[in-house]
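Chemist: Below is a structure I'd like to ask you about.
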Amino acid sequence: MTPTDTPESSGNESRPHKRRPRYAGTHPRRYEEKYKEHDIESHPDMAAHLRAKGITPAGSHVPVLMEEVLAGLRPGPGEVVVDGTLGHGGHTRRFLEAIGPSGRLIGLDVDGTQLERTGRRLTAEYPNVSLHRGNFAGIAGVLGKEGLSACDIIFVDLGVSSMQIDDPHRGMSYKHDGPLDMRMDDRLKRTAADLLAALTEREIAEALRDLADEPDHAAIARRIVAERAIRPITRTLQLVDLVFEARGLKRQAWRQQQRSSKSPPPHPAARTFQALRMLVNDELGRLRELLRVAPYCLRPGGRIAVISFHSGEDRLVKQSFREALHTGVYESAAEDPITPTHEERRQNPRSAPAKLRWAAKPRETVDLRP
Ligand SMILES: C[S@@+](CC[C@H](N)C(=O)[O-])C[C@H]1O[C@@H](n2cnc3c(N)ncnc32)[C@H](O)[C@@H]1O
115 MTPTDTPESS GNESRPHKRR PRYAGTHPRR YEEKYKEHDI ESHPDMAAHL
165 RAKGITPAGS HVPVLMEEVL AGLRPGPGEV VVDGTLGHGG HTRRFLEAIG
215 PSGRLIGLDV DGTQLERTGR RLTAEYPNVS LHRGNFAGIA GVLGKEGLSA
265 CDIIFVDLGV SSMQIDDPHR GMSYKHDGPL DMRMDDRLKR TAADLLAALT
315 EREIAEALRD LADEPDHAAI ARRIVAERAI RPITRTLQLV DLVFEARGLK
365 RQAWRQQQRS SKSPPPHPAA RTFQALRMLV NDELGRLREL LRVAPYCLRP
415 GGRIAVISFH SGEDRLVKQS FREALHTGVY ESAAEDPITP THEERRQNPR
465 SAPAKLRWAA KPRETVDLRP
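The opening position of the sequence shown corresponds to residue 115 in our numbering, with each subsequent residue numbered one higher.
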């Protein structure tokens, strides 16, 4: 870990001992009660049990398209890899194995809690890892701090981790009640509740339409604006109720439909939550900036790969790689998006929307000046 970015605490010495919460019955239901899942490395039996049922344990994240990422990026001994979305460190660990002790791995995450947890595990095992709390859009600055002008590989696995979705306190899930926060980086000033209080009806509708292709964007925006004139919208389940009302749905009828359907439709509030989260974290803006600077941050022969989970993100990646191929900035790129196999989707349903694209620079230096 770099001295500037060392997480404030490491190890357990300074932590006061806390009793684990008791739960009624035989199985923990609430996030706080799932103490084994939060320390999943110490409970491999629990991990195996949940994974066999297609469930991701609450304190972990199953990396997606792993073999496809390695096949596209071909990390080799001694190379410098920037993993712009460290998360639980699943992809990072495989990069570290591939580059060996002579390589360097630079990991970034905007989420301080995530960075500290994963950092503690990785730095204990690998001396050639350095971690930075920061946005991947600022990759050039991070390389500079590391004394580098470029790297061999840039990888980003967009969106949120399972740990962030599953923690109700982060406010990203429409399944649990929690504060309407949605910030991946708690240093950001505006939460989702702040945005819902401040944006105009038109701005809310446009965000729902443009960031999540929500067909009922106008009705949902209208319902939100009517509600906030009476009381502030501050909780996740409060927003879920408003979406149900705006779409003329009854919770019980929807639940029944879900139970009886072989391939249940997405949750009615899923698109609203996605759009708000992308807005709070300026996810498209940050991706656009990364795609713009990436060619300058890659050495000749360098490779980049992006895993996206939303058509708007994939469109940006596709266009950027296509243009760069056309101008010769990249020499090759995946022709079509690479998607999870049927088996991966079965084992990890959260992988289903993932799309991977990669591109590679030519080995000879190219003048990138416009
Ligand atoms: C899908 S998870 C990555 C999972 C990781 N590949 C693994 O195998 O565990 C995305 C992570 O990237 C972080 N993140 C999302 N956008 C980011 C950005 N623009 N810059 C830095 N980190 C970001 C999130 O906080 C989250 O921890």
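Heads up, the beta-carbon is just placed ideally off N, CA and C, and yes, glycines get one too.
Here the structure is a predicted model, which is why all the values come from computation and not from measurement.
Ordered along the chain, which non-local residues of its own chain (more than five positions away) have a Cβ less than 8 angstroms from that of Leu257?
Modeler: If we look at Leu257 and ignore the five residues flanking it on each side, its Cβ neighbours are Val196, Ile220, Ser263, Ala264, Cys265 and Cys411.
Chemist: Alpha carbons only, please: which of Arg460, Asp355, Glu445 and Thr453 is nearest the one belonging to Tyr288?
Modeler: For Tyr288, the nearest C-alpha among the options comes from Asp355.
Chemist: Just tell me which of Thr206, Ala185, Arg337 and Leu363 has its CA closest to the CA of Val176.
Modeler: Checked all of Thr206, Ala185, Arg337 and Leu363; the closest Cα to Val176 is Thr206.
Chemist: Quick check: is any heavy atom of ligand 1 less than 7 angstroms from the C-beta of Arg301?
Modeler: No, Cβ of Arg301 sits at least 7 angstroms from all heavy atoms of ligand 1.
Chemist: Work out the CA separation of Arg218 and Glu260 for me, nearest whole Å.
Modeler: Near 10 angstroms, if we compare the C-alpha coordinates of Arg218 and Glu260.
Chemist: Rounding to the nearest angstrom, what Cα-Cα distance links Arg279 and Val394 in this structure?
Modeler: As written in the sequence, residue 279 is Ile, which differs from the Arg given in the question. In a straight line, the C-alpha of Ile279 is about 15 angstroms away from that of Val394.
Chemist: If you draw a straight line from the C-alpha of Ile452 to the C-alpha of Arg231, how long is it?
Modeler: Rounded to the nearest angstrom, the two C-alpha atoms are 30 angstroms apart.
Chemist: Can you tell me the Cα-Cα spacing of Arg304 and Arg345, whole angstroms?
Modeler: Their backbone Cα atoms lie some 19 angstroms apart in a straight line.
Chemist: For Ser377, count the other beta carbons within 10 Å of its own beta carbon; 16 or more makes it buried, fewer makes it exposed. Which is it?
Modeler: Ser377 is exposed by the Cβ-count criterion.
Chemist: Here's a check: name, in chain order, each residue in its chain whose Cβ is nearer than 7 angstroms to the Cβ of Pro191, leaving out the five neighbours to either side.
Modeler: Counting only Cβ-Cβ distances below 7 angstroms, and skipping sequence neighbours, we find Ile213, Gly214, Ser216 and Gly217.
Chemist: With contact counted as at least three CB pairs below 8 angstroms, one residue from each stretch, are the region 243 to 258 and the region 329 to 344 in contact?
Modeler: The region 243 to 258, when compared against the region 329 to 344, does not touch it at the 8 angstroms Cβ threshold.
Chemist: I'd like to know whether the C-beta atoms of Pro476 and Glu457 end up nearer to each other than 8 angstroms.
Modeler: No, Cβ-Cβ distance for Pro476 and Glu457 is not below 8 angstroms.
Chemist: With respect to the alpha helix (DSSP H) encompassing Ile213, which residues constitute its N-terminal and C-terminal limits?
Modeler: Note, Ile213: alpha helix (DSSP H), Gly204 to Ile213.
Chemist: So if DSSP puts Arg247 in a beta bridge, which residue, or which two residues, is it bridged to?
Modeler: BP columns for Arg247 point to Asp223.
Chemist: Using only the heavy atoms of ligand 1, determine whether one of them is closer than 7 angstroms to the beta carbon of Met296.
Modeler: No, ligand 1 has no heavy atom inside 7 angstroms of this Cβ.
Chemist: Just checking Ser425 against ligand 1 - is the residue's beta carbon closer than 7 angstroms to any of the ligand's heavy atoms?
Modeler: For ligand 1, not one heavy atom lies less than 7 angstroms from the Cβ of Ser425.
Chemist: Taking 7 angstroms as the cut-off, is the CB of Ala251 close to at least one heavy atom of ligand 1?
Modeler: Under cutoff, so the answer is yes.
Chemist: In this structure, does DSSP put Ala343 in helix, strand or coil?
Modeler: In this structure, Ala343 counts as coil in the three-state DSSP scheme.
Chemist: Our contact map puts Gly59 next to Leu470 with C-beta atoms below 8 angstroms; I'd like the distance itself, whole angstroms only.
Modeler: Outside the modelled stretch of the chain, which goes from 115 to 484, sits residue 59, for which no answer is possible.
Chemist: Determine the extent of the beta strand (DSSP E) in which Pro409 is found, giving its start and end residues.
Modeler: From DSSP, Pro409 is part of no beta strand (DSSP E) but of the alpha helix (DSSP H) over Glu397 to Cys411.
Chemist: Among the candidates Leu310, Glu320, Asp271 and Pro380, whose CA atom is the shortest distance from the CA of Val224?
Modeler: Nearest C-alpha to Val224: Asp271.
Chemist: Alpha carbon to alpha carbon, how far is Pro189 from Arg208? Give it in angstroms, no decimals.
Modeler: Cα to Cα, the separation comes out at about 9 angstroms.
Chemist: Could you tell me the alpha carbon to alpha carbon distance between Met296 and Ser244, rounded to whole angstroms?
Modeler: Whole-angstrom Cα-Cα distance: 27 angstroms.
Chemist: Between Arg460 and Glu478, what straight-line distance do the alpha-carbon atoms span, to the nearest angstrom?
Modeler: Distance between the alpha carbons of Arg460 and Glu478 is about 42 angstroms.
Chemist: On the CB-based measure, 16 or more other CB atoms within 10 Å of its CB, does Ser128 come out buried or exposed?
Modeler: Low local confidence applies: a pLDDT of 46 at Ser128 is under 50, so the model's placement there is unreliable, with the coordinate-based value given in what follows. Exposed: under 16 other Cβ atoms inside 10 Å.
Chemist: Check whether the Cβ of Thr199 sits closer than 7 angstroms to any heavy atom of ligand 1, and report yes or no.
Modeler: Yes - ligand 1 has a heavy atom lying nearer than 7 angstroms to the Cβ of Thr199.
Chemist: Taking Cβ positions, are Leu363 and Pro382 nearer each other than 8 angstroms?
Modeler: Closer than 8 angstroms, so yes.
Chemist: Only counting the same chain, and skipping five residues up and downstream in sequence, which positions put a Cβ closer than 7 angstroms to that of Thr348?
Modeler: These residues qualify, in order along the chain: Pro293, Leu294 and Ala307.
Chemist: Can you tell me which of the three DSSP states Pro329 falls into?
Modeler: DSSP places Pro329 in coil when its eight states are reduced to three.
Chemist: Once you ignore the five residues that flank Arg369 on each side, which residues in its own chain have a CB closer than 6 angstroms to its CB?
Modeler: For Arg369, where only same-chain residues beyond five positions count, there are no Cβ hits under 6 angstroms.
Chemist: How should Thr386 be labelled, buried or exposed, when 16 other C-beta atoms within 10 angstroms of its C-beta is the threshold for buried?
Modeler: Per the 10 Å Cβ criterion, buried.
Chemist: Does at least one heavy atom of ligand 1 sit under 7 angstroms from the Cβ of Gln278?
Modeler: For ligand 1, at least one heavy atom lies less than 7 angstroms from the Cβ of Gln278.
Chemist: In the DSSP assignment, the alpha helix (DSSP H) including Asp355 goes from what residue to what residue?
Modeler: Per DSSP, Asp355 belongs to the alpha helix (DSSP H) from Thr350 to Ala360.
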